[in-house]
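Visitor:
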Amino acid sequence: MNTLERRILDISYRKKLAHIGSSLTALPIIKEIYKTKNQDEKFVLSSGHAALALYVVLESMGGRNAEEAFDHHGVHPDRCAECGLECSTGSLGHGIGIAVGMALANQSKRVFCLVSDGECMEGSVWEALRIAEEQGLNNLHIFFNFNGYGGYKRLNLYSLYAKINAFQVNKKILFTSISQLPGLAAHYIVLSKEKYEELIGE
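Add 2 to a position in the sequence shown, counting from 1, and you land on the number used in our numbering.
1. Is the number of C-beta pairs between the segment 133-149 and the segment 103-119 that are closer than 8 Å three or more?
2. May I ask you to report which of helix, strand or coil DSSP gives Leu116?
3. For Glu34 and His78, what's the separation of their Cα atoms in angstroms?
4. Is the beta carbon of Val127 less than 7 Å from the beta carbon of Ile100?
5. What's the gap between the Cα of Leu193 and the Cα of Lys37?
6. Starting from the C-beta of Leu201, find all residues in its chain whose C-beta is less than 7 Å away, skip the five residues before and the five after it, and write them out in chain order.
7. Roughly how many angstroms lie between the CA atoms of Gly152 and His21, to the nearest whole one?
8. Smallest Cα separation from Met164: which of Ala28, Glu70, Lys174?
9. Beta-carbon separation of Phe45 and Tyr57 under 7 Å?
10. Where do the N-terminal and C-terminal ends of the alpha helix (DSSP H) with Leu176 fall, by residue?
11. In the DSSP assignment, find the unbroken beta strand (DSSP E) run with Ile44 in it and report its ends.
12. If you compare alpha carbons, which of Gly64, Lys17, Cys89, Ala68 is closest to Gly50?
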(Lines of atoms letter the chains of each structure in order from A and count residues from 1; the text may use other names and numbers.)
(Lines give C-alpha, C1' and ligand atoms only; values in the text may rest on other atoms or scores of the structure.)
Protein backbone atom coordinates (compact mmCIF):
# COMPACT_ATOMS: atom_id res chain seq x y z
CA MET A 1 0.00 0.00 0.00
CA ASN A 2 1.43 3.39 -0.96
CA THR A 3 1.21 6.65 0.98
CA LEU A 4 -1.72 8.08 -0.98
CA GLU A 5 -3.76 4.89 -0.74
CA ARG A 6 -3.18 4.92 3.01
CA ARG A 7 -4.26 8.57 3.11
CA ILE A 8 -7.55 7.69 1.38
CA LEU A 9 -8.19 4.89 3.87
CA ASP A 10 -7.31 7.08 6.86
CA ILE A 11 -9.71 9.85 5.85
CA SER A 12 -12.42 7.39 4.79
CA TYR A 13 -12.23 5.64 8.15
CA ARG A 14 -12.29 8.85 10.21
CA LYS A 15 -15.12 10.40 8.18
CA LYS A 16 -17.08 7.13 7.74
CA LEU A 17 -17.09 7.49 3.96
CA ALA A 18 -18.21 5.13 1.22
CA HIS A 19 -16.98 5.25 -2.42
CA ILE A 20 -13.64 3.84 -1.24
CA GLY A 21 -13.35 1.58 -4.28
CA SER A 22 -13.98 4.46 -6.66
CA SER A 23 -11.31 6.60 -5.00
CA LEU A 24 -8.68 3.85 -4.77
CA THR A 25 -9.09 2.77 -8.40
CA ALA A 26 -9.16 6.38 -9.65
CA LEU A 27 -6.01 7.29 -7.70
CA PRO A 28 -3.32 5.91 -10.06
CA ILE A 29 -5.12 7.38 -13.06
CA ILE A 30 -5.31 10.84 -11.51
CA LYS A 31 -1.63 10.59 -10.55
CA GLU A 32 -0.76 9.73 -14.15
CA ILE A 33 -2.79 12.67 -15.45
CA TYR A 34 -1.07 15.12 -13.10
CA LYS A 35 2.34 13.84 -14.18
CA THR A 36 1.33 14.53 -17.79
CA LYS A 37 -0.63 17.79 -17.69
CA ASN A 38 0.86 21.25 -17.51
CA GLN A 39 -0.15 23.55 -14.68
CA ASP A 40 -2.32 25.71 -16.92
CA GLU A 41 -4.19 22.73 -18.41
CA LYS A 42 -7.53 21.63 -17.00
CA PHE A 43 -8.62 18.35 -15.44
CA VAL A 44 -12.27 17.42 -14.95
CA LEU A 45 -13.10 14.57 -12.58
CA SER A 46 -16.38 13.55 -14.19
CA SER A 47 -16.73 10.71 -11.65
CA GLY A 48 -17.07 13.21 -8.81
CA HIS A 49 -17.72 10.49 -6.22
CA ALA A 50 -13.96 9.73 -6.42
CA ALA A 51 -13.06 13.24 -5.28
CA LEU A 52 -11.08 12.00 -2.29
CA ALA A 53 -8.48 10.62 -4.71
CA LEU A 54 -8.16 14.05 -6.31
CA TYR A 55 -7.85 15.74 -2.91
CA VAL A 56 -4.96 13.50 -1.85
CA VAL A 57 -3.14 13.93 -5.18
CA LEU A 58 -3.43 17.72 -4.92
CA GLU A 59 -2.23 17.54 -1.31
CA SER A 60 0.81 15.51 -2.39
CA MET A 61 1.68 18.27 -4.86
CA GLY A 62 1.67 20.94 -2.18
CA GLY A 63 -2.02 21.78 -2.31
CA ARG A 64 -4.58 22.03 0.44
CA ASN A 65 -4.71 19.41 3.19
CA ALA A 66 -6.89 16.62 1.77
CA GLU A 67 -9.02 16.24 4.88
CA GLU A 68 -9.65 19.99 4.98
CA ALA A 69 -10.52 19.88 1.27
CA PHE A 70 -13.05 17.14 1.99
CA ASP A 71 -14.53 19.12 4.90
CA HIS A 72 -14.90 22.19 2.67
CA HIS A 73 -15.91 20.64 -0.67
CA GLY A 74 -17.49 17.35 0.37
CA VAL A 75 -17.73 13.93 -1.23
CA HIS A 76 -18.25 15.57 -4.63
CA PRO A 77 -15.96 18.48 -5.58
CA ASP A 78 -17.22 22.05 -5.77
CA ARG A 79 -15.51 24.26 -8.33
CA CYS A 80 -12.57 26.17 -6.88
CA ALA A 81 -10.08 26.95 -9.65
CA GLU A 82 -7.45 28.31 -7.27
CA CYS A 83 -7.67 25.01 -5.33
CA GLY A 84 -7.20 22.92 -8.48
CA LEU A 85 -10.88 21.93 -8.74
CA GLU A 86 -11.89 23.04 -12.21
CA CYS A 87 -15.47 21.82 -12.13
CA SER A 88 -18.30 20.89 -9.78
CA THR A 89 -19.15 17.26 -10.50
CA GLY A 90 -21.14 14.46 -8.95
CA SER A 91 -24.15 14.13 -11.24
CA LEU A 92 -23.02 11.19 -13.34
CA GLY A 93 -22.19 11.86 -16.97
CA HIS A 94 -22.03 15.65 -16.73
CA GLY A 95 -18.30 16.20 -16.35
CA ILE A 96 -17.30 14.82 -19.72
CA GLY A 97 -19.67 17.22 -21.48
CA ILE A 98 -18.13 20.13 -19.60
CA ALA A 99 -14.66 18.89 -20.57
CA VAL A 100 -15.76 18.82 -24.22
CA GLY A 101 -16.89 22.44 -23.89
CA MET A 102 -13.58 23.47 -22.30
CA ALA A 103 -11.61 21.74 -25.06
CA LEU A 104 -13.77 23.33 -27.77
CA ALA A 105 -13.44 26.80 -26.23
CA ASN A 106 -9.63 26.75 -26.18
CA GLN A 107 -8.15 24.26 -28.61
CA SER A 108 -4.59 25.41 -27.91
CA LYS A 109 -4.71 23.86 -24.43
CA ARG A 110 -5.17 20.23 -23.46
CA VAL A 111 -8.10 19.18 -21.30
CA PHE A 112 -8.07 15.92 -19.33
CA CYS A 113 -11.16 14.09 -18.09
CA LEU A 114 -11.68 10.96 -15.99
CA VAL A 115 -14.92 9.01 -16.48
CA SER A 116 -16.02 5.92 -14.55
CA ASP A 117 -17.39 2.81 -16.21
CA GLY A 118 -20.67 3.08 -14.30
CA GLU A 119 -21.04 6.64 -15.55
CA CYS A 120 -21.23 5.29 -19.08
CA MET A 121 -24.81 4.20 -18.36
CA GLU A 122 -25.69 7.89 -18.81
CA GLY A 123 -26.63 9.02 -22.30
CA SER A 124 -24.79 12.31 -21.85
CA VAL A 125 -21.47 10.43 -21.97
CA TRP A 126 -22.23 9.16 -25.46
CA GLU A 127 -23.44 12.57 -26.62
CA ALA A 128 -20.17 14.08 -25.40
CA LEU A 129 -18.09 11.42 -27.17
CA ARG A 130 -20.00 12.00 -30.40
CA ILE A 131 -19.43 15.76 -30.26
CA ALA A 132 -15.75 15.33 -29.39
CA GLU A 133 -15.32 13.07 -32.42
CA GLU A 134 -17.31 15.31 -34.77
CA GLN A 135 -15.37 18.40 -33.69
CA GLY A 136 -12.01 16.64 -33.94
CA LEU A 137 -10.98 17.69 -30.43
CA ASN A 138 -7.40 16.44 -30.43
CA ASN A 139 -6.69 18.48 -27.30
CA LEU A 140 -9.20 16.45 -25.25
CA HIS A 141 -7.81 13.40 -23.44
CA ILE A 142 -10.40 11.10 -21.87
CA PHE A 143 -9.48 8.42 -19.34
CA PHE A 144 -11.94 5.65 -18.43
CA ASN A 145 -11.74 3.85 -15.09
CA PHE A 146 -12.98 0.30 -15.68
CA ASN A 147 -13.22 -1.14 -12.17
CA GLY A 148 -16.06 -3.40 -13.23
CA TYR A 149 -18.96 -2.19 -11.11
CA GLY A 150 -21.67 0.44 -11.34
CA GLY A 151 -23.94 1.43 -8.51
CA TYR A 152 -25.99 -1.77 -8.57
CA LYS A 153 -24.22 -4.56 -10.40
CA ARG A 154 -21.20 -5.89 -12.25
CA LEU A 155 -20.78 -4.33 -15.70
CA ASN A 156 -20.09 -5.98 -19.05
CA LEU A 157 -16.74 -4.30 -19.58
CA TYR A 158 -15.99 -5.99 -22.90
CA SER A 159 -19.17 -4.67 -24.48
CA LEU A 160 -18.52 -1.24 -23.00
CA TYR A 161 -14.90 -1.29 -24.19
CA ALA A 162 -16.00 -2.04 -27.76
CA LYS A 163 -18.52 0.80 -27.77
CA ILE A 164 -16.08 3.38 -26.40
CA ASN A 165 -13.26 2.17 -28.63
CA ALA A 166 -15.41 2.84 -31.70
CA PHE A 167 -15.13 6.60 -31.13
CA GLN A 168 -12.19 8.33 -32.82
CA VAL A 169 -11.14 10.42 -29.82
CA ASN A 170 -8.05 10.52 -27.59
CA LYS A 171 -8.90 7.94 -24.97
CA LYS A 172 -7.26 5.60 -22.51
CA ILE A 173 -9.29 2.74 -21.04
CA LEU A 174 -7.79 1.34 -17.84
CA PHE A 175 -8.92 -1.86 -16.14
CA THR A 176 -8.58 -1.43 -12.37
CA SER A 177 -9.42 -3.44 -9.27
CA ILE A 178 -8.87 -3.74 -5.51
CA SER A 179 -8.22 -7.30 -4.40
CA GLN A 180 -8.92 -6.48 -0.73
CA LEU A 181 -12.38 -5.01 -1.48
CA PRO A 182 -13.97 -7.00 -4.29
CA GLY A 183 -17.26 -6.26 -5.98
CA LEU A 184 -19.91 -3.86 -4.76
CA ALA A 185 -18.40 -3.90 -1.26
CA ALA A 186 -15.71 -1.57 -2.57
CA HIS A 187 -18.35 1.05 -3.38
CA TYR A 188 -20.61 0.88 -0.35
CA ILE A 189 -18.53 -0.36 2.57
CA VAL A 190 -17.99 2.02 5.49
CA LEU A 191 -14.83 0.81 7.18
CA SER A 192 -15.11 -0.79 10.57
CA LYS A 193 -12.12 -0.59 12.89
CA GLU A 194 -11.32 -4.23 12.12
CA LYS A 195 -11.52 -3.80 8.33
CA TYR A 196 -9.50 -0.58 8.44
CA GLU A 197 -6.73 -2.25 10.45
CA GLU A 198 -6.79 -5.24 8.11
CA LEU A 199 -6.38 -3.03 5.03
CA ILE A 200 -3.61 -0.81 6.37
CA GLY A 201 -1.76 -3.86 7.64
CA GLU A 202 -1.39 -5.33 4.16
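Even glycine gets a Cβ: it sits at the ideal position worked out from N, Cα and C.
Please read these numbers as outputs of a predicted model, since none were measured by experiment.
Guide: According to the data block:
1. yes
2. In the structure shown, Leu116 sits in a strand (DSSP, three-state: E or B).
3. 21 Å
4. no
5. Cα-Cα distance, rounded: 30 Å.
6. Leu11, Gln182
7. 11 Å
8. Looking at the sequence provided, one finds Ala at residue 164 rather than Met. It is Lys174.
9. Taking 7 Å as the Cβ cut-off, Phe45 and Tyr57 do not qualify as a contacting pair.
10. No alpha helix (DSSP H) holds Leu176; the beta strand (DSSP E) holding it covers 172-177.
11. With the sequence shown as reference, residue 44 is identified as Lys, and Ile is not the correct amino acid for it. Its beta strand (DSSP E) spans residues 44-47.
12. The option with the nearest alpha carbon to Gly50 is Cys89.
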